[in-house]
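Here the structure comes first, spelled out in structure tokens, and everything after it is commentary.
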Amino acid sequence: MKSYKMTIAGCERELPLCKVDDNLTIAAFIMFGDTEVTVKSATELLKKVSDFDVILTAEAKGIPLAYEISRQSNKPYVVARKSVKLYMNDIVSVNVKSITTQKVQKLYLDGAKANMLKGKNVLIVDDVISTGESLEALKALCKSAGGHTACCASVLAEGDAAERDDIVFLEKLPLFT
Ligand SMILES: O=P(O)(O)OC[C@H]1O[C@H](OP(=O)(O)OP(=O)(O)O)[C@H](O)[C@@H]1O
Ligand SMILES: Nc1ncnc2[nH]cnc12
Numbered sequence: 051m052k053s054y055k056m057t058i059a060g061c062e063r064e065l066p067l068c069k070v071d072d073n074l075t076i077a078a079f080i081m082f083g084d085t086e087v088t089v090k091s092a093t094e095l096l097k098k099v100s101d102f103d104v105i106l107t108a109e110a111k112g113i114p115l116a117y118e119i120s121r122q123s124n125k126p127y128v129v130a131r132k133s134v135k136l137y138m139n140d141i142v143s144v145n146v147k148s149i150t151t152q153k154v155q156k157l158y159l160d161g162a163k164a165n166m167l168k169g170k171n172v173l174i175v176d177d178v179i180s181t182g183e184s185l186e187a188l189k190a191l192c193k194s195a196g197g198h199t200a201c202c203a204s205v206l207a208e209g210d211a212a213e214r215d216d217i218v219f220l221e222k223l224p225l226f227t
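Here my numbering is used: the first residue of the sequence shown is 51, the next is one more, and so on.
And the structure:
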């Protein structure tokens, strides 16, 4: 399998190339199981982000990063879910479609979790920002919950996202056409 070699938070990694459609291939960045990259990325991102009270991410691949940023900063984190669980009440929701997702999905926050964002400065984190759709959904969710987006951060900024100046990230990741 072809791959793309890069350094992430000081760690050399080979990202497998993965076809999205006939015109687009991505280098898949899967941080699950990579504790070294997760811990070092959290440390590096914390040096770059502005002040915040609480961390917000989306299920699934953003979760280890949010956990580790929470552990290192001693601030709480909230996970927006992609399905409703029976233990969730007073749900806040928004639509989302990412570069890797075939159909439109939803993000859901339980009312108690939404309350953790209310009136707070929120750091939104994800492993990758590409089209920015997932980030927009998280921002909308944060707003619906009464939070203020203080800063948006990701380990990698893919494609056009690498030119954005409203996000904090560690490395650029190209798209392959
Ligand atoms: O900027 P975008 O185009 O929205 O792409 C970025 C999003 O895509 C990935 O999640 P994915 O939708 O693959 O879901 P997963 O984390 O559940 O695997 C990634 O973790 C980001 O959340
Ligand atoms: N390169 C990538 N790897 C994994 N998930 C992604 N979501 C968007 N771009 C991605």
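We put the beta carbon where it would ideally sit given N, CA and C, even for glycine.
Cα-Cα, which of the options is closest to residue i?
i    : options              : result
M56  : L95, N73, A78        : A78
Q122 : A92, T151, K52       : A92
G209 : L74, E109, L191, A59 : L74
I217 : H198, L185, L191     : L185
A200 : K98, V129, A59       : K98
In terms of residue numbering, what span does the alpha helix (DSSP H) encompassing residue i cover?
i    : result
P66  : No alpha helix (DSSP H) contains P66, which is instead part of the beta strand (DSSP E) from 61 to 71.
I119 : 113 to 123
K222 : Careful: K222 lies outside any alpha helix (DSSP H), inside the beta strand (DSSP E) at 218 to 223.
Should residue i and residue j be called a contact, given that it needs their Cβ atoms to be closer than 8 Å?
i    : j    : result
S143 : K156 : yes
Y127 : Y117 : yes
D140 : G161 : yes
I105 : L173 : yes
C68  : V87  : no
V29  : L65  : Residue coverage of the chain in this structure runs from 51 to 227, which leaves residue 29 outside it and unanswerable.
Mind checking which residues open and close the beta strand (DSSP E) that includes residue i?
i    : result
N145 : 142 to 146
S194 : No beta strand (DSSP E) contains S194, which is instead part of the alpha helix (DSSP H) from 183 to 194.
N171 : 171 to 179
L159 : 155 to 159
Report the CB separation of residue i from residue j in whole angstroms; it is logged as a contact under 8 Å.
i    : j   : result
E125 : M81 : Note that residue 125 is Lys in the sequence shown here, rather than Glu. Actually they do not touch by this definition, with Cβ atoms about 20 Å apart.
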